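Q:
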Amino acid sequence: MRKLGRSGLMVSRLCFGTLTMSPLQRDMPPEDGARLLIHAYERGVRFLDTADLYGTYPHIRLALKEAPDYVVSTKAYCWDEETARAALERAYQGIGRDYVDLFMLHEQESLYTLRGHEEALIYLQKQKERGHIGAVGVSTHFSACVAAAPRFPMIDVIHPLINRAGIGIQDGAREDMEAAIRAARDMGIGIFAMKPLGGGHLISDNEAALRYAIESPLLDSVALGMQTIEEIDANAAAFEGDFSLLDALKDRPRRIMVHDWCEGCGRCAERCKQHAIQVVDGRARVDSSKCVFCGYCARACPQFCIKVV
Ligand code: SF4
Ligand code: SF4
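Numbering (our numbering), first residue to last: 266 to 574.
Below is the structure:
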């Protein structure tokens, strides 16, 4: 367990990322997702991450009945008071609590994005003062956002993309992100990382990738998506210093599929922040070397053509 910076939240270093069980990826029934969350809780995990977008509030709501001490982090696309209030209300209803431990603005990019969304941050800060939120944060794939976040005193926590190879960082290398994280951390901001396996690209050497995240002094906690009991056991053991179970997970590379009925509308390409999709000859084509398998494009497709497995 670690304190998540000045937020004061006590979290496990392994955070359960629930995107992998969501309709955007494995699309598990809530009962199956809850079973995994409860198993992780029994292994000592006390921190989980979701998002308004993910559709995993039902899974979490069920899990919290048997795993009540989970610290719950969620995030949403909010830019003003109205959108923040609505997203927060959906979170309360969704998880069945009148309190959210950590609420973040999703996919922020820079100082300008943060300034443009400042009204939402101010609203969230007020909700924190009233005791409805434990801490306020931002999630980002941009080192520029991490560098800018300390200018906003209401931001207690940053959820940045960082991994050993720097895969998925949108505006520079791993070293740029590390420098920005170090400066934010020095200001007391809590850091919990996302995509330590680069969205699956680093699975072939998952031990090195996880060692980087676990041993980094910059990261208070690390969110990992997990889809099976075996994955939970292997990752929990790794966070306890035993990396021997990771080998068995190497033969499960991630894939993204675009079904034949794609109409080439291009909405998925507009949605992809990694610039991994192009429409060629009337059909979406994914450059797997750029894709971090987040599944966000799947939600943007009106024809339900895209699946991440
Ligand atoms: S959004 Fe769906 S239909 Fe449109 S180009 Fe992408 S995959 Fe094809
Ligand atoms: S192609 Fe889709 S799954 Fe891949 S990075 Fe882009 S939005 Fe995410």
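Cβ atoms here follow ideal geometry from the backbone N, Cα and C, with glycine treated the same way. These figures come from a predicted structure and were not determined experimentally.
Evaluate Ala513 with the Cβ neighbour count: other Cβ atoms within 10 Å of its Cβ, from every protein chain shown; 16 or more gives buried, anything less gives exposed.
A: The residue in question, Ala513, is exposed, as its Cβ has fewer than 16 Cβ neighbours within 10 Å.
Q: May I ask you to report which of helix, strand or coil DSSP gives His406?
A: DSSP places His406 in coil when its eight states are reduced to three.
Q: Just confirm the distance between the C-beta atoms of Ala316 and Ala341, as a whole number of angstroms; I'd bet it's less than 8 Å.
A: Right, the Cβ-Cβ distance comes to about 7 Å (below 8 Å), so this counts as a contact.
Q: From this set, Val544, Asp546, Lys572 and Arg532, which residue's C-alpha is nearest Arg519's C-alpha?
A: The candidate whose alpha carbon is nearest that of Arg519 is Lys572.
Q: Under 8 Å by Cβ, that's how I've got Gly433 and Gln539 pegged, so tell me the actual separation to the nearest angstrom.
A: With a Cβ gap of about 7 Å, Gly433 and Gln539 count as contacting.
Q: Are there any heavy atoms of ligand 1 lying less than 7 Å away from the beta-carbon of Ile521, as far as the coordinates show?
A: Result no, Cβ not under 7 Å from ligand 1.
Q: Between Cys556 and ligand 1, is there a pair consisting of the residue's CB and a ligand heavy atom that are separated by less than 7 Å?
A: No, since every heavy atom of ligand 1 falls outside the 7 Å radius drawn around the Cβ of Cys556.
Q: Under 8 Å between the Cβ atoms of Glu384 and Glu354?
A: No, Cβ-Cβ distance for Glu384 and Glu354 is not below 8 Å.
Q: Exposed or buried, which one is Ala438 when buried takes at least 16 other CB atoms within 10 Å?
A: Label assigned to Ala438: exposed.
Q: Taking 7 Å as the cut-off, does the CB of Ile571 come closer than this to any heavy atom belonging to ligand 1?
A: Checking every heavy atom of ligand 1 against the Cβ of Ile571, one is found closer than 7 Å.
Q: Exposed or buried, Gln373, counting other C-beta atoms within 10 Å across all chains shown (16 or more means buried)?
A: Under this definition Gln373 is a buried residue.
Q: Use the C-beta contact count for Pro461: other C-beta atoms within 10 angstroms, 16 or more gives buried, fewer gives exposed.
A: Pro461 comes out buried.
Q: So Cys533 packs on Ile542, CB below 8 Å; how close in whole Å?
A: Yes, Cys533 and Ile542 are in contact; Cβ-Cβ is about 5 Å, under 8 Å.
Q: Which stretch, first to last residue, makes up the alpha helix (DSSP H) that contains Gly381?
A: Residues Leu376 to Gly381.
Q: Just tell me which of Ser509, Leu329 and Arg395 has its CA closest to the CA of Gly361.
A: The shortest C-alpha separation from Gly361 is found at Leu329.
Q: May I ask you to check if the CB of Cys559 is nearer than 7 Å to at least one heavy atom of ligand 1?
A: The answer is no for Cys559.
Q: If distances are taken between C-alpha atoms only, which option among Ile303, Met266 and Ser272 comes closest to Pro418?
A: When only C-alpha atoms are compared, the closest one is Ser272.
Q: With C-beta atoms as the reference, is Val557 less than 8 Å away from Gly464?
A: Against a cut-off of 8 Å, the Cβ pair of Gly464 and Val557 comes out as a contact.
Q: Hey, how far is the Cα of Ala549 from the Cα of Glu472?
A: Looking at the two C-alpha atoms, the distance is approximately 34 Å.
Q: Ignore the nearest five residues each way along the sequence and tell me which others in Ala563's own chain have a CB closer than 6 Å to its CB.
A: Closer than 6 Å at Cβ, skipping near neighbours: Leu289 and Ile571.
Q: Can you list, in chain order, the residues of its chain with a C-beta nearer than 7 Å to that of Val627? Leave out the 5 residues immediately preceding and following it.
A: The question about residue 627 has no answer, for the chain in this structure spans 266 to 574.
Q: Could you give the DSSP three-state label for Phe558: helix, strand or coil?
A: If DSSP states are grouped into helix, strand and coil, Phe558 belongs with coil.
Q: Cα separation between Arg267 and Gly547?
A: Each residue's Cα considered, the two are about 50 Å apart.
Q: Thinking C-alpha only, which one of Val544, Glu528 and Ile423 is nearest Pro567?
A: When each option's Cα is compared against that of Pro567, the closest is Glu528.
Q: In angstroms with no decimal places, state the Cα-to-Cα distance between Ile303 and Leu313.
A: Ile303 and Leu313: Cα-Cα distance of roughly 11 Å.
Q: Which full runs of the beta strand (DSSP E) of 3+ residues lie inside the region 272–337, going along the chain?
A: Qualifying beta strand (DSSP E) stretches, in chain order: 279–282 and 312–314.
Q: Skipping 5 residues on each side, what residues in its chain have a beta carbon closer than 8 Å to that of Pro415?
A: Within the same chain, Pro415 has close Cβ partners Ala448, Ala449, Met452 and Ile454.
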